[in-house]
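Asks: Protein chains in written order, with the numbering used here: chain A, 23 to 426; chain B, 33 to 340.
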Amino acid sequence: MRQRRLIKLVAPALISVVALAACGERNEGGNNTDGGEKKTAKIGVIAPLSGDLSALGLGIRNAVDLAIRQANQNNKVPGWNLVLAAEDDQATANVGAQAASKLASDSAVVGVVGTLNSSVAEQVAPVLQQSHIVQVSPANTGVALTGRDNLASQKRKYTNYYRVATTDDIQGPFAAQYLLGTGVKKVAIVHDRKTYGQGLQAAFAAEFKKGGGTVTITETINPGDKLFQGVVTKVLNSGPEAVYYGGEFPEAAPLSKQLHDGGFKGPLMGGDGIYSDKFIETGGVQGDLATSVGAPTESLASAKLFVDSYKQAGFAEPYEAYGAYAFDAANVIIEAMAKVLKNDTEINEQSRQQIVDEVGKVSIGGVTGQVAFDQFGDTTTKVLTVYTVQGKKWVAKKTDSFTQ
Amino acid sequence: MSTFAQQLVNGVVIGSLYGLIALGYTMVYGIIQLINFAHGEIFMIGAFGGLAVHIYVLPDGTPALVGLVVVLLAAMATSVATALIVERFAYRPLRNAPRLAPLITAIGVSLFLQEFVRLYYFGGGAKSDRAFPQFIGGDPIRIGGVQFDRVSVFIVVIAIVLMVALSAFVRNSKTGKAMQATAQDRDTAQLMGINTDRIIIVAFVLGAALAGVAGVMQGMQAGVIGFRMGFLAGIKAFTAAVLGGIGNIAGAVLGGFVLGMAETMAVAYIPGLFGGGAWKDVWAFILLIVILVFRPQGLLGERVVNRA
Numbered sequence: 023m024r025q026r027r028l029i030k031l032v033a034p035a036l037i038s039v040v041a042l043a044a045c046g047e048r049n050e051g052g053n054n055t056d057g058g059e060k061k062t063a064k065i066g067v068i069a070p071l072s073g074d075l076s077a078l079g080l081g082i083r084n085a086v087d088l089a090i091r092q093a094n095q096n097n098k099v100p101g102w103n104l105v106l107a108a109e110d111d112q113a114t115a116n117v118g119a120q121a122a123s124k125l126a127s128d129s130a131v132v133g134v135v136g137t138l139n140s141s142v143a144e145q146v147a148p149v150l151q152q153s154h155i156v157q158v159s160p161a162n163t164g165v166a167l168t169g170r171d172n173l174a175s176q177k178r179k180y181t182n183y184y185r186v187a188t189t190d191d192i193q194g195p196f197a198a199q200y201l202l203g204t205g206v207k208k209v210a211i212v213h214d215r216k217t218y219g220q221g222l223q224a225a226f227a228a229e230f231k232k233g234g235g236t237v238t239i240t241e242t243i244n245p246g247d248k249l250f251q252g253v254v255t256k257v258l259n260s261g262p263e264a265v266y267y268g269g270e271f272p273e274a275a276p277l278s279k280q281l282h283d284g285g286f287k288g289p290l291m292g293g294d295g296i297y298s299d300k301f302i303e304t305g306g307v308q309g310d311l312a313t314s315v316g317a318p319t320e321s322l323a324s325a326k327l328f329v330d331s332y333k334q335a336g337f338a339e340p341y342e343a344y345g346a347y348a349f350d351a352a353n354v355i356i357e358a359m360a361k362v363l364k365n366d367t368e369i370n371e372q373s374r375q376q377i378v379d380e381v382g383k384v385s386i387g388g389v390t391g392q393v394a395f396d397q398f399g400d401t402t403t404k405v406l407t408v409y410t411v412q413g414k415k416w417v418a419k420k421t422d423s424f425t426q
Numbered sequence: 033m034s035t036f037a038q039q040l041v042n043g044v045v046i047g048s049l050y051g052l053i054a055l056g057y058t059m060v061y062g063i064i065q066l067i068n069f070a071h072g073e074i075f076m077i078g079a080f081g082g083l084a085v086h087i088y089v090l091p092d093g094t095p096a097l098v099g100l101v102v103v104l105l106a107a108m109a110t111s112v113a114t115a116l117i118v119e120r121f122a123y124r125p126l127r128n129a130p131r132l133a134p135l136i137t138a139i140g141v142s143l144f145l146q147e148f149v150r151l152y153y154f155g156g157g158a159k160s161d162r163a164f165p166q167f168i169g170g171d172p173i174r175i176g177g178v179q180f181d182r183v184s185v186f187i188v189v190i191a192i193v194l195m196v197a198l199s200a201f202v203r204n205s206k207t208g209k210a211m212q213a214t215a216q217d218r219d220t221a222q223l224m225g226i227n228t229d230r231i232i233i234v235a236f237v238l239g240a241a242l243a244g245v246a247g248v249m250q251g252m253q254a255g256v257i258g259f260r261m262g263f264l265a266g267i268k269a270f271t272a273a274v275l276g277g278i279g280n281i282a283g284a285v286l287g288g289f290v291l292g293m294a295e296t297m298a299v300a301y302i303p304g305l306f307g308g309g310a311w312k313d314v315w316a317f318i319l320l321i322v323i324l325v326f327r328p329q330g331l332l333g334e335r336v337v338n339r340a
């Protein structure tokens with residue numbers, strides 16, 4: 023009895039959902055032909071538009087929106103009207119995959135800007151690859167995404183994936199060059215043996231030794247530990263001028279405090295894992311250093327025009343850390359579209375693939391510097407910034423592009 | 033030589049922390065044979081109580097020494113109050129239940145207290161680590177080749193004073209003697225006119241007060257406190273109590289020092305793949321296993337030594 027009543031309730035609901043969905047499709051189909059002489063091509067965005075990281079995601083969406091508006095205004099892709107198709111991935115991998123499927127099933131979509139999180143990109147890129155849709159990420163720093171973590175094979179992981187963001191693995195060498203540049207010759211290394219921390223310190227050590235520096239000692243700690251007296255004594259007895267830490271702020275902050283309690287006068291330096299206000303709040307000491315990929319948008323000379331037009335466009339949300347990169351990513355796609363679509367009348371598998379290939383050859387002067395890609399699809403302009411603790415804040419100390 | 037002396041000092045500092053917490057385990061176990069797994073959380077909640085008073089009660093610019101004393105008292109009060117509530121509502125109803133029931137309850141209480149602090153601590157919960165006020169600063173004191181940072185000196189001095197005071201209390205006071213009697217045989221002690229319920233409460237209160245002090249000490253030493261800090265500290269202190277012979281007060285202190293030394297010495301002297309800070313816990317627990325193989329009752333765990 024109860025079951026039958028449930029069916030009675032559910033069946034109409036299901037039918038109406040199906041009907042509504044059908045309506046939605048019909049509407050989208052209508053858009054395609056609506057333009058009259060101008061045909062519609064869509065650029066998708068997959069980023070967190072809700073939740074904790076939505077500030078960053080909304081900045082990305084707005085910046086892509088701005089790029090599309092400018093392209094339409096200047097008739098960058100003759101004969102085509104560009105439209106934004108933004109999807110929320112909630113910073114969650116499987117939600118991102120669904121968003122990718124949705125965009126891939128829309129025949130007007132030619133490219134996607136996103137994602138914010140490397141873990142989400144792992145799910146999004148293969149879906150888009152199947153439909154030959156180019157993906158350009160403004161923010162993914164996970165090295166494996168382009169296949170560059172396995173240099174021996176020289177093979178890209180996803181043929182459709184590019185990024186304008188600098189990857190994590192540059193941070194260690196960049197920090198080493200910075201410390202050598204400030205005259206530091208003796209460094210002690212502490213790390214937490216996790217993938218991130220161990221990789222960071224190994225890359226740091228290799229570059230630091232190559233530049234003529236000495237690693238006085240390499241020590242390990244456990245994630246979750248807060249008391250490091252034994253390690254501190256060992257590190258200080260080795261007489262370092264600076265301590266490089268591979269790991270994250272929950273351990274780095276108390277470690278820095280205890281090192282300095284023990285009489286250490288130099289800085290503790292780490293990667294973006296310690297580049298957090300929490301580090302300063304929970305023990306980070308004045309003068310401590312951290313590297314992070316990218317550059318504060320305001321510090322870039324090339325960014326002034328972007329900042330001004332973003333303000334003029336009147337978006338409700340600020341562009342945040344990745345807006346400038348998203349703007350460049352969108353422009354890379356638009357540039358490729360201009361080359362491929364100018365003679366085409368419709369978007370098909372072939373023209374999508376041509377756009378994918380064309381993005382790889384693009385070289386434009388962007389907001390964040392020269393934008394071009396290497397054989398893996400990684401940006402050739404590797405910009406990083408060193409930050410230092412000053413008062414209660416991280417202050418940018420030196421922004422530079424990294425060269426091997 | 034100076035490295036050895038320095039690591040010895042480090043071992044004593046960390047050992048005093050372990051010892052202070054271990055005393056709470058051992059006293060409660062001595063009297064009601066309950067392994068109070070929530071004791072690590074009593075330690076954690078003491079630190080958070082101290083921090084709350086520091087942030088919300090003490091006016092800015094309070095002299096450091098006054099602040100320290102107030103925070104210590106607040107931490108002790110928070111720990112004691114929590115322990116009393118836990119004892120009354122979680123353990124006492126199970127006083128005559130099979131031993132497994134209170135043990136499982138203790139684990140439940142431990143999880144409850146952790147989550148409670150995580151979700152409901154002042155200012156939207158303590159989801160990530162909080163900075164702990166630093167009352168004692170300044171350059172370390174150097175004597176010979178060894179340096180003592182000021183927080184460490186404070187920790188060791190206070191810990192030893194408290195340990196001596198507790199030992200004197202248990203040995204000489206009327207309540208202390210009643211504790212010993214209850215530990216030896218609860219039923220007989222009751223027949224002799226000892227209010228054993230009250231003695232059990234005293235054991236919880238003393239243990240909690242020491243744990244509260246230890247919480248403040250760890251906060252000052254590490255610079256941060258977090259809702260998870262009681263877990264690791266609790267396991268270590270429990271290990272120290274077992275190492276010294278659970279139920280034995282001097283044993284808990286000795287176990288704490290031995291464990292602390294073992295950890296720092298492992299960091300200092302074991303080279304290669306299995307050396308370094310990441311392996312210190314492994315070596316400390318190997319030491320525990322070895323000692324328990326040869327002395328299952330722990331270092332001082334013998335019936336003739338006074339239990340309380």
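Cβ atoms here follow ideal geometry from the backbone N, Cα and C, with glycine treated the same way.
So what's residue 129 of chain A in DSSP terms, helix, strand or just coil?
Replies: coil
Asks: Of all the CB atoms in chain A, is at least one closer than 9 Å to the CB of residue 147 of chain B?
Replies: no
Asks: Beta-carbon within less than 7 Å of residue 87 of chain A's beta-carbon, same chain only, minus the 5 sequence neighbours each way: which residues are those?
Replies: 106
Asks: For residue 118 of chain A and residue 145 of chain A, which I take to be in contact (beta-carbon distance under 8 Å), what is that distance rounded to the nearest angstrom?
Replies: 5 Å
Asks: May I ask which residues mark the beginning and end of the beta strand (DSSP E) holding residue 157 of chain A?
Replies: 156–159 is the extent of the beta strand (DSSP E) around residue 157 of chain A.
Asks: Could you give the uninterrupted runs of the beta strand (DSSP E) lying entirely in the segment 154–238 of chain B, keeping only those of 3 residues or more?
Replies: 173–175, 178–180
Asks: Would DSSP call residue 214 of chain A helix, strand or coil?
Replies: coil
Asks: Is the separation between the beta-carbon of residue 135 of chain A and that of residue 158 of chain A shorter than 9 Å?
Replies: yes
Asks: Decide if the segment 159–166 of chain A is in contact with the segment 182–200 of chain A; the criterion is three or more beta carbon pairs, one per stretch, under 8 Å apart.
Replies: yes
Asks: Kindly indicate which three-state DSSP category residue 48 of chain B falls into: helix, strand or coil?
Replies: helix
Asks: In whole angstroms, what is the alpha-carbon distance linking residue 406 of chain A and residue 278 of chain A?
Replies: 23 Å
Asks: Is the beta carbon of residue 162 of chain B sitting closer than 9 Å to the one on residue 258 of chain B?
Replies: yes
Asks: Report the rounded CA-to-CA distance for residue 60 of chain A versus residue 101 of chain A, giving the unit in angstroms.
Replies: 5 Å
Asks: Take residue 43 of chain A and list the residues in its own chain whose beta-carbon comes closer than 7 Å to its own, dropping the five residues that flank it on each side.
Replies: Below a pLDDT of 50, predicted positions are generally treated as unreliable, and residue 43 of chain A, at 47, falls in that range; the measurement from the model is reported next regardless. Nothing listed; no residue qualifies.
Asks: Along the alpha helix (DSSP H) that carries residue 326 of chain A, what are the first and last residues, could you check?
Replies: 326–335
Asks: Excluding five sequence neighbours on each side, which residues of the same chain lie with their C-beta closer than 8 Å to the C-beta of residue 48 of chain A?
Replies: Confidence at residue 48 of chain A is low in this model, with a pLDDT of 41, below 50, so the placement of that residue is unreliable and no value is reported for it.
Asks: Which residue comes first and which comes last in the alpha helix (DSSP H) that contains residue 92 of chain A?
Replies: That run of the alpha helix (DSSP H) goes 76–95.
Asks: How is residue 374 of chain A classed by DSSP in three states: helix, strand or coil?
Replies: helix
Asks: Quick check on the DSSP output: the alpha helix (DSSP H) that includes residue 200 of chain A runs from which residue to which?
Replies: 193–203 is the span of the alpha helix (DSSP H), which, as asked, contains residue 200 of chain A.
Asks: Residue 275 of chain A CB to nearest chain B CB: under 9 Å?
Replies: Contact with chain B is found for residue 275 of chain A, since one of that chain's Cβ atoms lies less than 9 Å from the residue's Cβ.
Asks: To the nearest angstrom, how far is it from the Cα of residue 324 of chain B to the Cα of residue 60 of chain B?
Replies: 21 Å
Asks: Could you tell me whether the segment 63–71 of chain A touches the segment 323–341 of chain A, using the rule of 3 or more Cβ pairs below 8 Å?
Replies: no
Asks: Please list, in chain order, the chain A residues whose beta carbon lies closer than 9 Å to that of residue 173 of chain B.
Replies: For residue 173 of chain B, there are no neighbours in chain A by C-beta distance under 9 Å, as the nearest C-beta there is about 10 Å away.
Asks: Mind listing which residues of the segment 126–155 of chain B have their C-beta closer than 9 Å to chain A's C-betas, in chain order?
Replies: none
Asks: Please confirm whether residue 90 of chain A and residue 296 of chain A have their CB atoms less than 9 Å apart.
Replies: no
Asks: Report yes if the CB atom of residue 255 of chain B is closer than 9 Å to the CB atom of residue 305 of chain A, and no otherwise.
Replies: yes
Asks: Along the segment 311–327 of chain B, where does the CB come closer than 9 Å to a CB of chain A? Name the residues.
Replies: Result list: 311, 312, 313.
Asks: Below 8 Å on the Cβ atoms is my contact criterion, and I expect residue 408 of chain A with residue 319 of chain A to pass it. Report the Cβ-Cβ distance as a whole number of Å.
Replies: About 17 Å separates the two Cβ atoms, so there is no contact after all.
Asks: Any contact of the segment 40–49 of chain B with the segment 406–425 of chain A, i.e. 3+ C-beta pairs under 8 Å?
Replies: no
Asks: Does any residue of chain A have a CB that is nearer than 9 Å to the CB of residue 261 of chain B?
Replies: yes
Asks: Which residues, in chain order, does the segment 287–313 of chain B contribute to contact with chain A at a C-beta distance below 9 Å?
Replies: 295, 296, 297, 298, 299, 300, 307, 308, 309, 310, 311, 312, 313
Asks: CA-CA distance, residue 265 of chain A and residue 125 of chain A?
Replies: 47 Å
Asks: Return helix, strand or coil for residue 271 of chain B, following the three-state DSSP convention.
Replies: helix
Asks: For residue 419 of chain A, report the span of its beta strand (DSSP E) as first-last.
Replies: Residues 415–423.
Asks: Leaving out five residues on either side along the sequence, give the residues of the same chain with a beta carbon under 6 Å from the beta carbon of residue 82 of chain B.
Replies: 103, 106, 107, 248
Asks: Within 9 Å of any Cβ in chain B, is that where the Cβ of residue 53 of chain A sits?
Replies: Any reading at residue 53 of chain A must be qualified, since the residue scores a pLDDT of 43, below 50, and its modelled position is unreliable; the value itself is stated next. Interface residue (Cβ-Cβ distance to chain B less than 9 Å): residue 53 of chain A is not classified as such.
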